[in-house]
Amino acid sequence: MQETGLPKLVRHYIKHVLIGFFASAVFVGMLLGFNIGNLWHLISTSPVGLLAVLMLWIFNGIVFAGVQFGISIMRMGDDDDEGPGGGLRAPVTEYVPVRVPVTAPRRKI
860 MQETGLPKLV RHYIKHVLIG FFASAVFVGM LLGFNIGNLW HLISTSPVGL LAVLMLWIFN
920 GIVFAGVQFG ISIMRMGDDD DEGPGGGLRA PVTEYVPVRV PVTAPRRKI
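Rendered as structure tokens:
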């Protein structure tokens, strides 16, 4: 029987994008609440202050959503703790120089 709806990866993406935009809303709210860089005064006295807040939220939302989704994808991998990994070979302790002949190409005059 075929499952209807969105594939799992698309649902995963949408969920984490929404989390990123929520984090952006909290971030912008904190910027305005703590009045960082006198931002609250600039936005509240400007005729385009609402547009500035909207742009700040959307652009930060894009960044936060990308980071959130990237972290969630990176955490989905299998753990490599099952057995020995690389790096178990003995290091090379003796280096032997090797002569490499180099010929310069002839110039045409």
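Take 860 as the starting number for the sequence shown in our numbering and just add one per residue. Ideal Cβ placement from N, Cα and C applies to all residues, glycine included. Computed from a predicted model, the values in this text were never measured in an experiment.
Asked	Found
Cβ contact (3+ pairs, closer than 8 Å) linking the stretch 911-923 and the stretch 875-895	yes
F869 versus P906: straight-line alpha-carbon distance, rounded	Before going on, a small fix: residue 869 reads as Val here, not Phe. When rounded, the distance between both Cα atoms is 39 Å.
Where K967 sits in the DSSP three-state scheme	coil
Limits of the alpha helix (DSSP H) - the one that G864 falls within	Where G864 is concerned, there is no enclosing alpha helix (DSSP H), given that its DSSP letter is neither H nor E.
Neighbour-count burial assignment, H900, 16 or more Cβ in a 10 Å radius	exposed
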